[in-house]
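Colleague: Here it is, the structure in full.
Number of protein chains: 2
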Amino acid sequence: MKLSDYESQPENLDAVFAALADPTRRSILARLATGEASVGELAEPFEISQPAISKHLKVLERAGLIEREIDRQRRPARLNAAPMQAAIGWLEEFRRFWSSSFDELDGLLEELKQAEPKGAADE
Amino acid sequence: MKLSDYESQPENLDAVFAALADPTRRSILARLATGEASVGELAEPFEISQPAISKHLKVLERAGLIEREIDRQRRPARLNAAPMQAAIGWLEEFRRFWSSSFDELDGLLEELKQAEPKGAADE
DNA sequence: CAGTTTCATAACTCAATGGTTATATAAATT
DNA sequence: AATTTATATAACCATTGAGTTATGAAACTG
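Now the structure itself:
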């Protein structure tokens, strides 16, 4: 799979990365990784309002990262991994694509900055 | 490293994920993975204006994903992998943390990490 | 039935994004 | 010196994002 192939679902990739770009949402996802939780349970650790949490859940849902259920008057959220796969896939592919300098990154960058003023990395 | 540890640099993680949430910027990064490029070269494949590209580069620079150089009147951009590692780290840690439901994804990642039939990279 | 719990939705504010065009700056070219 | 090239910056516009408070709708409880 090529990098450009991941762009064949750009909207989903956009939505997933955008969803991950917020610390509250990442925290919610981490919480959901331990099991499904109601809106109230998800809101509890934060100081923001319940509607704000509901909005975050909508963002996560639109990205496909969670699914909502109905349990009486509760609307618990459950994690869905599939869309995360797109993000991981893109990043892993990117890393492989740029393999030459990715692994020993820090060391190489230091070398580049000091030993080689003009960035001829791996061409 | 735990998931919560990645939240110790939330701003950077925020900026990196946000930077990756735009297809133009992902495309720019893919282009830069093949080597540094000037603003004009980066703008060429797109139909948007040059200032728009400069703005995207600023976003990428703020996220630490690129560095700018000065070569006469050109300001070529060069990839910087370090912040991307933070994003990969968070996602991989998340995957590990939620390993039980990530089995299918593990398979996909193995695929990705292994065979590369065609040497062709990307746009 | 009346009240409470759980959650969603609406309406609003404020800041940030992503785009534009127009202009400025600095180096290269003629 | 004048012009062209490469890029940045400013000013503006429309849209989105993240938050708020207020209110509504179900479902549960007494």
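Respectively, the protein sequence lines represent chains A and B. Following full-length UniProt numbering, the residues of the first sequence are numbered contiguously, the last one being 123. Following full-length UniProt numbering, the residues of the second sequence are numbered contiguously, the last one being 123. Virtual Cβ for every residue (Gly too), placed ideally from N, Cα, C. Since the model is a prediction, treat every value here as computed from it, not as a measurement.
Name the two residues that bound the continuous beta strand (DSSP E) containing Arg96/B.
Modeller: Careful: Arg96/B lies outside any beta strand (DSSP E), inside the alpha helix (DSSP H) at Ala82 to Phe97.
Colleague: Within its chain, find whatever has a CB closer than 8 angstroms to the CB of Phe17/B; leave out the 5 residues flanking it on each side and keep chain order.
Modeller: Ala87
Colleague: What would DSSP say about Ala115/B, mapped onto helix, strand or coil?
Modeller: Residue confidence is low: Ala115/B scores 47 on pLDDT, short of 50, so the model does not pin down where it sits. Its coordinate-derived value is still stated next. Correct three-state label for Ala115/B: coil.
Colleague: So that I know if they touch, is there some Cβ in chain A lying closer than 8 angstroms to that of Ala21/B?
Modeller: yes
Colleague: What do you get for Pro45/B, buried or exposed, if any count of 16 or more other CB atoms within 10 angstroms of its CB means buried?
Modeller: exposed
Colleague: Whose CA, out of Pro51/A, Arg26/A and Asn12/A, lies closest to the CA of Val39/A?
Modeller: Pro51/A
Colleague: Helix, strand or coil: how does DSSP classify Arg31/B here?
Modeller: Of the three classes helix, strand and coil, the one that applies to Arg31/B here is helix, per DSSP.
Colleague: Could you tell me which residues DSSP puts in a beta bridge with Ala77/A?
Modeller: Note: Ala77/A sits in a beta bridge opposite Ala37/A and Arg68/A.
Colleague: Sort Arg31/B, Phe94/B, Asp22/B and Ala21/B by Cα distance to Asn80/B and report the nearest one.
Modeller: Arg31/B
Colleague: DSSP three-state call for Ala120/B: helix, strand or coil?
Modeller: With a pLDDT of 37 at Ala120/B, under the threshold of 50, the predicted position of this residue should be treated as unreliable, though the coordinate-derived value follows. Looking at Ala120/B - three-state DSSP - the assignment turns out to be coil, as it is neither helix nor strand.
Colleague: Quick one: is Ser27/B buried, meaning 16 or more other Cβ sit within 10 Å of its Cβ, or exposed?
Modeller: Taking every protein chain shown into account, the CB of Ser27/B has 16 or more other CB atoms within 10 angstroms, so this residue is buried.
Colleague: Roughly how many angstroms separate the alpha carbons of residue 159/B and Leu13/B, rounded to a whole number?
Modeller: There is simply no residue 159/B to check, as chain B begins at 1 and stops at 123 in what is shown.
Colleague: Taking the CB atoms as reference points, tell me whether Phe25/A and Leu60/A lie closer together than 8 angstroms.
Modeller: It is worth fixing the name first, because residue 25/A is Arg in this sequence and not Phe. Contact: yes.
Colleague: Among Ala19/B, Glu67/B and Ala21/B, which has the Cα closest to the Cα of Ala77/B?
Modeller: Glu67/B
Colleague: Look up Ile53/A in the DSSP assignment and say whether it is helix, strand or coil.
Modeller: helix
Colleague: Less than 8 angstroms between the CB atoms is what I'm expecting for Arg62/B and Ala21/B, so what's the real figure, rounded?
Modeller: Not really, about 14 angstroms apart at Cβ, beyond 8 angstroms.
Colleague: Spell out whether any CB of chain A is found under 8 angstroms from the CB atom of residue 133/B.
Modeller: This structure cannot speak to residue 133/B, because chain B is shown only from 1 to 123.
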